[in-house]
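A.B. asks: Sequential numbering from 24 applies to the sequence shown in the working numbering.
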Amino acid sequence: MSLQAPPPHDDAFDTRTDLRPDQKAEVLIQALPWLQRFAGALVVVKYGGNAMVDDDLKRAFAEDMVFLRQVGLRPVVVHGGGPQINAMLDRLGIESEFRGGLRVTTPEAMDVVRMVLTGQVSRELVGLLNAHGPYAVGLSGEDGGLLQARRRTATVDGQQVDVGQVGDVVEVNPGAVHDLLDAGRIPVVSTVAPDIDDPTQVLNVNADTAAAALAVALGARKLIVLTDVEGLYTSWPDRSSLARRIRAGALADLLPSLDAGMRPKMEACWRAVTGGVGRAHVIDGRQAHSVLVEVFTSDGIGTMVLPDDEPTPSPFTSPIPRVLPAPTAPHVPEVS
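1) Based on the DSSP output, what are the partners of residue 102 in its beta bridges?
2) For residue 292, which residues in the same chain have their Cβ closer than 6 Å to its Cβ, ignoring the five residues on either side in sequence?
3) Excluding five sequence neighbours on each side, which residues of the same chain lie with their C-beta closer than 7 Å to the C-beta of residue 295?
4) Contact between the segment 54 to 61 and the segment 192 to 211 is defined here as three or more beta-carbon pairs at a separation below 8 Å; is this criterion met?
5) Do residue 162 and residue 210 count as a contact pair if the criterion is CB distance below 8 Å?
6) On a CA-only basis, which of 207, 185, 48, 217 is nearest residue 192? Give me that one, please.
7) In terms of residues, what are the limits of the beta strand (DSSP E) holding residue 251?
8) Pairing CB atoms from the segment 166 to 181 with CB atoms from the segment 115 to 130, are three or more of them under 8 Å?
9) Give every residue of the same chain whose Cβ lies closer than 7 Å to the Cβ of residue 153, excluding the five residues on either side of it in the sequence, and list them in chain order.
10) So, under 8 Å CB-CB, residue 215 and residue 226 are touching, yes? Tell me the CB distance rounded to an integer number of Å.
11) Out of curiosity, what's the CA-to-CA distance linking residue 16 and residue 134?
12) Going by DSSP, what residue range makes up the alpha helix (DSSP H) through residue 287?
13) Thinking residue 325 and residue 306 are a contact (beta carbons under 8 Å), I'd like their distance in whole angstroms, please.
14) What does a CB cutoff of less than 7 Å around residue 317 pick up in its chain, not counting 5 residues either side in sequence?
15) Please go through the same chain and pick out, in chain order, the residues whose beta-carbon is closer than 6 Å to the beta-carbon of residue 74, but skip the five residues on each side of it.
16) Quick one: what's got a C-beta closer than 6 Å to residue 36's C-beta in the same chain, skipping five residues either side?
17) For the putative contact between residue 129 and residue 72, defined by C-beta atoms under 8 Å, what is the C-beta separation to the nearest angstrom?
18) Quick one, are the C-beta atoms of residue 67 and residue 89 less than 8 Å apart?
19) Do residue 110 and residue 119 count as a contact pair if the criterion is CB distance below 8 Å?
20) How about residue 299 and residue 242: do their beta carbons lie closer than 8 Å?
21) Going by Cα to Cα distance, which pick from 230, 197, 180 is closest to residue 145?
22) Taking residue 266 as the reference, give the member of 312, 348, 256 with the closest Cα.
23) Excluding the 5 residues preceding and the 5 following residue 30 in the sequence, name in chain order all residues of the same chain whose CB lies nearer than 8 Å to its CB.
24) Given that a residue counts as buried once 16 or more other Cβ atoms are within 10 Å of its Cβ, and exposed if not, what is residue 142?
25) Leaving out five residues before and five after residue 104 in sequence, what residues of the same chain have Cβ atoms less than 6 Å from its Cβ?
26) From the DSSP secondary-structure annotation, give me the bridge partner or partners of residue 121.
27) Can you tell which of 184, 56, 224, 46 has the C-alpha that lies nearest to the C-alpha of residue 137?
28) So, is residue 169 buried or exposed, given that buried needs 16 or more other C-beta atoms within 10 angstroms?
29) Hey, out of 254, 46, 330, whose CA is closest to residue 313's CA?
30) Starting from the Cα of residue 179, find the closest Cα among 258, 121, 157 and give me that residue.
31) Grouping DSSP H, G and I as helix and E and B as strand, with all else coil, what is residue 162?
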């Protein structure tokens, strides 16, 4: 299926630049090997951090996704919405607390989480993408049986505590996402999922871990996680400890020392590369077009996580999500 973007407006291109025409051509030529290497590659991008709240960064991110799609890659966007959820809970006067780094999600709060993720954040991003053409389709973990989750607890002072309607992904059925990709679309996935033990309930799922599970299920070449820092610091706050590359085994040893904000992102990267994803990256989403810098330049940006030569034992107790096979289409007899 061929998707055509609308013709640009006359003012769509900013002609102000410090680059001469030959320098512009050189930038494009430098990207050629990466365009060739990643032609047709499936890339899962976890959209979050400041890129979700700054209007200029939102537009830049949408441009990056459309660019990937136009040059032959197959991007899939997974998003959370912590700042937007907090704002809506405050607006409605609903108290919210965190235990062990997890939002305590009451049934009342879950209604807000579901509304904000699928009805606000997803719709806004889909609109930004579709300003460039009919590319994006929004769906949640509930749609097409995409995600199934199981309730989890949090550890506080060595004790397991209830955090309400919060879950870990335990099954992924990527068929709906494959269908959208095959149709030339950019899937935009919000991370709420049915409770596998009680399908009448919906659970709030961490977007980082959901992105990793989906990347593994889709057989992605890359997982890219946007953050509000330059990358992984192995000895924060020593800024000279920024790691440009790290193997899965070394990352597993480092995980217990990471703070509550960085740990789920790096855990997602570990799960991705040990699950068959070629590379995982944590990049600075505060920098406009950081995704393009990572994919199409030799130096890249942020921290790249690579698989080990030998399998690394899992440092986690949460389950590895099961990937479900695509459903078989029913046989329709021919009418003579």
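Note that beta-carbon positions come from the ideal geometry of N, C-alpha and C, so glycine has one too. This one's a predicted model, so the numbers in the text were calculated from it and none came from an experiment.
C.D. replies: This is what the structure holds:
1) BP columns for residue 102 point to 70, 213.
2) 303, 328, listed in sequence order.
3) Cβ neighbours of residue 295 beyond the five flanking positions: 235, 238, 239, 246, 303.
4) Because the criterion of three Cβ pairs below 8 Å is not met, the segment 54 to 61 and the segment 192 to 211 do not touch.
5) In this structure, the beta-carbon distance from residue 210 to residue 162 falls below 8 Å.
6) It is 217.
7) Premise fails: residue 251 is in no beta strand (DSSP E) and is neither H nor E.
8) The segment 166 to 181 is in contact with the segment 115 to 130.
9) Excluding residues within five positions, the ones whose Cβ falls inside 7 Å are 159.
10) About 7 Å; that satisfies the 8 Å criterion.
11) A query on residue 16 cannot be resolved here, the shown segment of the chain reaching from 24 to 359 and no further.
12) First-last of the alpha helix (DSSP H) with residue 287: 286 to 297.
13) About 3 Å; that satisfies the 8 Å criterion.
14) Hits under 7 Å: 247, 304, 306, 323, 324, 325.
15) Cβ within range, chain order: 80, 84, 249, 308.
16) Note that residue 36 has pLDDT 40, beneath the 50 cutoff, so the model's placement of it is unreliable and no number is given.
17) About 26 Å; that fails the 8 Å criterion.
18) With respect to the 8 Å criterion, residue 67 and residue 89 are not classified as neighbours on the basis of their beta carbons.
19) No.
20) Contact flag set, yes.
21) Measuring from the Cα of residue 145, the nearest candidate turns out to be 230.
22) Of the candidates 312, 348, 256, the one whose C-alpha sits nearest the C-alpha of residue 266 is 256.
23) Because the pLDDT of residue 30 is 48, which lies under 50, any placement of that residue in the model is unreliable, and the question is left without a value.
24) Taking all protein chains shown into account, residue 142 has fewer than 16 neighbouring C-beta atoms within 10 Å of its C-beta and is therefore exposed.
25) The residues are 139, 140, 144.
26) Bridge partners of residue 121: 126.
27) Comparing Cα-Cα distances from residue 137 to each of 184, 56, 224, 46, the minimum goes to 224.
28) With 16 or more Cβ atoms within 10 Å of its Cβ, residue 169 is classed as buried.
29) Selected option, being the one with the closest Cα: 254.
30) The residue with the shortest Cα to Cα distance from residue 179 is 121.
31) Note: residue 162 maps to strand in three-state DSSP.
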